[in-house]
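Presented below is the structure to which this report refers.
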Amino acid sequence: MQQGVRRHHRQGAGRSRHRQAQPADQAGLRNRHEGLVLHPAAPAGAGLGRIEEGQPAAARRQSRHVPLGDQEGIASVEHEVPAASAFRDLSFSGRRCRPYAHPRKVEGMLAFTLRRAVQAIGVMFAVGIIAFSMFRFAGDPVNQIVSIDTSAAERAIVRKSLGLDDPVPVQFVRYFADAAQFKFGVSYQFRQPVAALLMERMPATLELAICATVFAMVCGILMGVYSALKRDTVLAKLFQAVSLIGISLPTFLIGILLIYLFAVTLGWLPSFGRGEVVKLGWWTTGLLTLSGLKALIMPSITLGLFQMTLIMRLVRAEMLEVLRTDYIRFARARGLTTRAIHFGHALKNTLIPVITVAGLQFGSVIAFSIITETVFQWPGMGLLFVQAVQNVDIPIMAAYLLMVSLIFVTINLVVDILYTVVDPRLRSTVGRAA
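The opening position of the sequence shown corresponds to residue 32 in the numbering used here, with each subsequent residue numbered one higher.
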């Protein structure tokens, strides 16, 4: 009982001391702010004027003097406040503003492109050295031009006409200067300019490579997406088995099996050749004729099957990884449909690395079309290269190496730039690097 009385007495004493301290604190606060002149709160709408109808537009902005105090010597400040009707005159066109391109990002993109171009030139220079070395180490070119019964004097004349008597640095500079102008000499076998032979065979190779790449892209993406979304179905497991077959079997064996099945056994498709073609200027195409389309089916499948399996596996792996990300969970939490999540969000981010792979694979398709063109006797640059190797036609071999390298390097450069444009993360990285 006595402890409770003491506790109540101490609490009452504390409250009394707190009440005594409040007036002192308030007095100190007034003393601290003594001599300061505070601005009174302006009433709402005090600075807005009323504009009569028919008043000129110059009167849409009014000035009002708001007094800051009653003491003498305190000046008034003039405030200009726009009238309410001025906001009603604002109109918007409804067009979206263009995104602002930061100068540092633009400079970074230009520097990135310049670096890639310099690297491409360096690669072509190295390939040019290899191509020039073929003339020095692949045998004597004179022996491929003249016959066995040719005398030594005639051989010397031919050697001098080819410039083989000049010093090696002079020959090297001359070869690079001619190659820059697409002058690769004369073929030992066909007795024609090598550039003309390559331009004649290039449409067939590019047409085959484009069709094979389209086949690989379309089928690979569809099969990869289906295998990722329907992993436990029988069709998805069948796609996985097809991908293993496409990676394991060599290209020439796939071509032979297709020829045996569709040409020999069933008789549906031609076994070799390009079929009937249509000439459009210097370009020849078989896409406009039925026989040309039939002849294109088996070589395209043979050449694109390996690329299709790679794209399918890449799309499947990327799709499964994207579906486990946080923003996909957030999209599900927002109530988006499954179709919108899979094809509107997940697939877009899945296809970003596919761009790089598809571009690089297109260059590989052109480079490795030699086997497919040989199996199907497709009249392209690859078959021309095989014939040049059989006859030791060095100008064609060197020119083919340069042309394929140029196509591959150009595609790689375009893919690098396109990948930087598509992926915003790389754009920010390039901007910071600048």
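C-beta atoms are modelled at their ideal positions from N, C-alpha and C, and glycine is treated no differently.
Per the coordinates, the alpha-carbon of residue 259 lies some 17 Å from the alpha-carbon of residue 247.
When the five nearest sequence neighbours on each side are left out, the beta carbons in the same chain lying within less than 8 Å of the beta carbon of residue 154 are those of 436 and 440, in order along the chain. Remark: C-beta atoms of residue 175 and residue 206 do not approach each other more closely than 8 Å.
Rounded to whole angstroms, the gap between the alpha carbons of residue 427 and residue 212 is 16 Å.
For residue 422, the closest C-alpha among the options 293, 169 and 332 is that of 169.
The Cβ atoms of residue 239 and residue 330 sit closer than 8 Å to each other. DSSP, reduced to helix, strand and coil, places residue 224 within a strand of the structure shown. When beta bridges are read from the DSSP output, residue 314 appears opposite 311.
When rounded, the separation of the alpha-carbon atoms in residue 382 and residue 189 is 56 Å. If you check the CB distance, residue 394 and residue 425 do not come in under 8 Å. Residue 217 is bridged by DSSP to 224. Counting only runs that start and end inside the stretch 139–199, the alpha helix (DSSP H) elements of at least 4 residues fall at 172–176 and 183–192.
Straight through space, the alpha carbons of residue 343 and residue 400 are spaced by roughly 21 Å. When rounded, the separation of the alpha-carbon atoms in residue 235 and residue 305 is 8 Å.
Contact check between the stretch 219–230 and the stretch 242–256: fewer than three CB pairs, one atom from each, fall below 8 Å, which does not count as touching. Taking each of 450, 451 and 445 in turn and checking the Cα distance to residue 148, the smallest one comes out for 445. The beta-carbon distance between residue 386 and residue 449, rounded to whole angstroms, is 6 Å. This is short enough to meet the 8 Å contact definition. Note on residue 375: under 16 other CB atoms within 10 angstroms of its CB, so exposed under the neighbour-count rule. Between the stretch 344–351 and the stretch 250–265 there are three or more inter-stretch CB-CB distances shorter than 8 Å, so the stretches are counted as touching.
Here residue 408 is exposed: its Cβ has fewer than 16 other Cβ atoms, across all protein chains shown, within 10 Å. Residue 388 and residue 163 have their alpha carbons spaced roughly 31 Å apart.
With contact defined as three or more Cβ pairs closer than 8 Å, the stretch 316–335 and the stretch 285–296 are in contact. Exclusion of the five residues before and after residue 416 leaves 401, 427, 428 and 431 as the residues of its chain whose Cβ lies within less than 8 Å of its Cβ. The alpha-carbon of residue 198 is positioned some 56 Å away from that of residue 295. For the alpha helix (DSSP H) assignment, the uninterrupted runs of no fewer than 4 residues enclosed by the stretch 385–452 are, from N- to C-terminal side, 400–406 and 412–421. For residue 352, the closest of 377, 193 and 275 by C-alpha to C-alpha distance is 377.
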